[in-house]
Amino acid sequence: MATDRTELTSYQWRQLRARTLAASDVCIVCGHRAADAVDHIQPVSKGGARLDPDNVAPIHGVNGCPVCLRKCNSEKGDRPLSEVVQLHTSVDWFAGP
Ligand SMILES: [Zn+2]
Ligand SMILES: [Zn+2]
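If you want the numbering used here, it's the 1-based position in the sequence shown plus 189.
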């Protein structure tokens with residue numbers, strides 16, 4: 190089995206990355222624009238599909254978000270998106286009457 194890193198630099202991955210960023214630059218973690226990287230919503234190491242467009246979304250990479258200054262990709266790391274977003278929405282915005 191090839192390592193993830195080898196395959197992530199493959200032509201197919203670069204194509205998918207370019208297409209994802211062309212379609213949207215809204216970061217999946219913080220919701221701001223100007224995302225300059227992409228990441229897997231469900232990490233490949235956790236069973237996510239590596240080259241499925243539905244599993245790949247824009248995210249702020251090494252330069253971080255120009256709005257909230259978070260480094261979303263390194264914050265997310267290897268965790269599923271649902272886990273990361275929960276960490277930052279602990280405020281009960283949705284706890285209506
Ligand atoms: Zn972000
Ligand atoms: Zn942001």
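Beta carbons: idealized from backbone N, C-alpha and C, even for Gly.
Taking a cut-off of 8 Å for Cβ pairs, the stretch 217-226 and the stretch 235-248 touch, as three or more such pairs fall below it. Non-local C-beta neighbours of residue 255 in its own chain, meaning closer than 7 Å and more than five positions away in sequence, comprise 223, ordered along the chain. Judged by beta-carbon spacing, residue 262 lies within the 9 Å limit of residue 218, meaning their Cβ atoms are closer than that value. Residue 275 and residue 243 have their alpha carbons spaced roughly 20 Å apart. Taking the CA atoms as reference points, residue 266 sits about 15 Å from residue 236.
DSSP places residue 269 in the coil class of the three-state scheme, outside both helix and strand. Closest option to residue 273, judged by alpha-carbon separation, among 213, 230, 200, 209: 230. Within the model, the alpha-carbon separation for residue 260 versus residue 215 is close to 14 Å. Here the alpha carbon of residue 203 sits roughly 21 Å from the alpha carbon of residue 269.
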